[in-house]
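J.: First residue of the sequence shown: 11, per this note's numbering; consecutive thereafter.
Here it is, the structure, as structure tokens.
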Amino acid sequence: MTEQPYKRPRRFIAGVVCPKCNEMDKTVMFTNDEGDEVRECVACGFHQTYAQHAAEEQAQQELATRVTPAGKAVLDEGEQPLKIIGFGTVDPAQK
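Shown next, in the form of structure tokens:
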């Protein structure tokens, strides 16, 4: 007789709303074979590990800026940079 592997129990989490289908009380938590905590919606099949959830949370906390990765300024439609007259380098001929 071969021994069956231990089946980890799935626990329904009360009050949780699925981020995909917005159904309440349809989400279960369990530990998969790799030892990762997983949440899964029994209504739509949404599946997410704790590591994936943490990465998404971190990405959402990053502040959105108007600076591009190349360092080039992004201008809105019709917007132009401000030029301040008399500020900056002094023309030697004007001294």
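For glycine and all other residues, C-beta sits at the position ideal for the given N, C-alpha and C.
1) So what's Gln58 in DSSP terms, helix, strand or just coil?
2) How big is the Cα-Cα spacing for Arg18 and Ala69?
3) Please check the pair Asp46 and Tyr60, which I expect to be a contact at CB under 8 Å, by giving their CB distance rounded to whole angstroms.
4) Please state whether the Cβ-Cβ distance between Thr37 and Cys28 is less than 8 Å.
5) Can you tell me whether Glu47 is helix, strand or coil according to DSSP?
T.: Let me spell this out:
1) Reduced to three states, the DSSP call for Gln58 is strand.
2) Answer to the nearest angstrom: the Cα atoms are 31 Å apart.
3) Indeed they touch by this definition, with Cβ atoms about 6 Å apart.
4) Yes, the Cβ-Cβ distance between Thr37 and Cys28 is below 8 Å.
5) In the structure shown, Glu47 sits in a strand (DSSP, three-state: E or B).
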